[in-house]
Amino acid sequence: MENKNILEVVNVSKRYSQKKVLNDVNLSVKKGEIIGLVGPNGAGKTTLMSIIVGLINNYEGDIYIDGENIRKIKKKKQKQKLTGCIIETPGFYPHLTGYENLKLLSMYYGKVSKQEILDVISLLELENAMKKKVSKYSMGMKQRLGIAQTVLGNPKILVLDEPTNGLDPTIIPKIRDFIRYYAKEKNISTFISSHILSEIETICEKVLFLKNGVIVDRIDLENERNSKRKMFIFKTNKAEKLFEFFKSKNIFSKINEENRVIASLEEKDIELLIPEILSSGIVITEMKEYMEKLEDRFLRKMEGNLVD
Ligand SMILES: Nc1ncnc2c1ncn2[C@@H]1O[C@H](COP(=O)(O)OP(=O)(O)OP(=O)(O)O)[C@@H](O)[C@H]1O
1457 MENKNILEVV
1467 NVSKRYSQKK
1477 VLNDVNLSVK
1487 KGEIIGLVGP
1497 NGAGKTTLMS
1507 IIVGLINNYE
1517 GDIYIDGENI
1527 RKIKKKKQKQ
1537 KLTGCIIETP
1547 GFYPHLTGYE
1557 NLKLLSMYYG
1567 KVSKQEILDV
1577 ISLLELENAM
1587 KKKVSKYSMG
1597 MKQRLGIAQT
1607 VLGNPKILVL
1617 DEPTNGLDPT
1627 IIPKIRDFIR
1637 YYAKEKNIST
1647 FISSHILSEI
1657 ETICEKVLFL
1667 KNGVIVDRID
1677 LENERNSKRK
1687 MFIFKTNKAE
1697 KLFEFFKSKN
1707 IFSKINEENR
1717 VIASLEEKDI
1727 ELLIPEILSS
1737 GIVITEMKEY
1747 MEKLEDRFLR
1757 KMEGNLVD
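Reminder that position 114 of the sequence shown reads as 1570 in this note's numbering, one-by-one numbering, no gaps.
Dropping the structure here:
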């Protein structure tokens, strides 16, 4: 994968009258990367995404897409071609069929082959919907057609605000495959927000937490997956004593609500520490690797007590 930043958000702030809804946001997305944006209601996710795709033009700071400052792009069409987006409800021509809508958009962008259109239809399993007028579509079908539209015109980055909203759970894996296909096969990056944190966790390489317009945490999931340091969970008769033991070794640990001890360790530490733990009279009846769910981490972060 190329290491080039396809999106750069530099010191972006946004006010609505007196209220600052984005405060000095900085982030970057590399070519082919899939990055998630999570945060509570009103955190500023839609505002940030709307600025990136050019729907909001009145903001402080700068947005660069593929090295170009979007403020300097005067032609609307040129700006629109940079990003494929789904923000709130996508717009269509309701009296036309799904296929006619896709074809019309392709003609607007030019240079979209029939095969490219057929690819999106097949990836999102839209075949049966293509001949129907969009006015007859369910909300989920409209959402899928909206997602299909995002890749026409070969954009640099997909900006997807809650793309799985209103979708049947059986369709959600299709969206995941679609995003992965365009990231890995076509090198199109994705910046995605979702309330379904497990989705973000499975698809994204990095996740940003936005709270009150500020990015309060950045998690490199890919790095964590490959890290030598892992979290382990211990079932023991003396949780408090084990916790104190780790503390005395400067190892991060905590006791969870089930009285299990969770500690951040490298595998090589374990061999050294286990004999010491056992000789101090602590009995460990179970020990396994522990993956903290993004949701739990998110909740801790929102409560303001994230400890790494
Ligand atoms: N046009 C507007 N005028 C005034 N305030 C606005 C406007 N649009 C958004 N806001 C405010 O900006 C803040 C951020 O809103 P935004 O929709 O970006 O948050 P969000 O993280 O996308 O929330 P949600 O998860 O509920 O979609 C909120 O306090 C919202 O009330």
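Beta carbons: idealized from backbone N, C-alpha and C, even for Gly.
Beta-carbon separation (whole angstroms), residue i vs residue j, contact threshold 8 Å
i: N1643; j: G1523; result: Not confirmed; about 15 Å, so no contact.
i: F1548; j: K1588; result: That belief does not hold up - the Cβ atoms of F1548 and K1588 are roughly 12 Å apart, past 8 Å.
i: E1723; j: K1684; result: 7 Å
CB of residue i within 8 Å of CB of residue j, strictly
i: G1596; j: L1623; result: yes
i: K1612; j: I1675; result: no
i: I1631; j: I1490; result: no
i: F1701; j: I1733; result: yes
i: G1500; j: L1755; result: no
i: K1451; j: I1529; result: Since the first residue shown for the chain is 1457 and the last is 1764, residue 1451 is missing from the structure and cannot be characterised.
i: I1738; j: L1721; result: no
i: L1616; j: G1492; result: no
i: L1653; j: L1750; result: yes
i: E1661; j: L1677; result: yes
i: K1413; j: G1669; result: The question about residue 1413 has no answer here: the residues shown for the chain are numbered 1457 through 1764.
Distance between residue j and residue i (C-alpha atoms, nearest Å)
i: F1699; j: G1510; result: 51 Å
i: S1594; j: N1557; result: 16 Å
i: N1621; j: K1531; result: 31 Å
i: I1648; j: E1618; result: 7 Å
i: G1609; j: V1576; result: 12 Å
i: E1572; j: H1551; result: 23 Å
i: T1553; j: V1590; result: 5 Å
i: L1478; j: R1471; result: 7 Å
i: T1503; j: T1539; result: 15 Å
i: G1495; j: H1651; result: 8 Å
i: I1526; j: R1753; result: 34 Å
i: S1469; j: I1671; result: 12 Å
i: T1606; j: L1614; result: 7 Å
i: D1673; j: K1592; result: 42 Å
i: I1726; j: T1692; result: 15 Å
i: E1714; j: P1546; result: 45 Å
i: P1625; j: Y1637; result: 19 Å
i: N1682; j: S1484; result: 21 Å
i: I1508; j: V1465; result: 8 Å
i: E1696; j: P1731; result: 18 Å
i: S1735; j: T1658; result: 40 Å
i: L1582; j: Y1564; result: 21 Å
Extent of the continuous alpha helix (DSSP H) run through residue i
i: Y1637; result: 1628-1640
i: D1624; result: Note, D1624: premise wrong, no alpha helix (DSSP H); not H, not E.
i: L1478; result: Counting along the chain, L1478 falls outside any alpha helix (DSSP H), though it belongs to the beta strand (DSSP E) covering 1475-1486.
Neighbourhood of residue i by C-beta distance below 6 Å, restricted to the same chain and skipping five residues each side
i: Y1555; result: M1586
i: M1747; result: none
i: K1686; result: E1745
i: K1710; result: I1718
i: I1512; result: S1506
i: S1473; result: none
Cβ shell of residue i (< 7 Å), same chain only, five flanking positions each side left out
i: I1627; result: G1596, R1600
i: L1580; result: R1600, I1603, A1604, K1630, F1634
i: N1514; result: none
i: E1568; result: First, the residue type needs correcting, since residue 1568 is Val and not Glu in the sequence shown. Within the same chain, V1568 has close Cβ partners S1562, L1608, G1609.
Chain-order list of residues whose beta-carbon lies under 8 Å from that of residue i (same chain, five-residue window excluded)
i: N1467; result: D1480, V1481, N1482, E1516, G1517, D1518
i: N1690; result: According to the sequence shown, residue 1690 is Phe rather than Asn. Taken in chain order, the residues that qualify are L1698, R1716, V1717, I1718, A1719, I1740, E1742, M1743.
i: E1544; result: T1502, D1617
i: K1559; result: I1573
i: D1764; result: Since pLDDT at D1764 reaches only 43, below the 50 mark, its modelled position is unreliable, and the value read off the structure follows with that caveat. Hits under 8 Å: F1708.
The beta strand (DSSP E) enclosing residue i, as first and last residue numbers
i: V1607; result: Unbroken run through V1607: none, as it is neither H nor E.
i: F1688; result: 1685-1692
i: M1743; result: 1740-1745
i: E1722; result: 1717-1722
i: F1699; result: Not the beta strand (DSSP E): F1699 falls in the alpha helix (DSSP H), residues 1695-1704.
i: R1471; result: 1461-1472
i: G1517; result: 1516-1521
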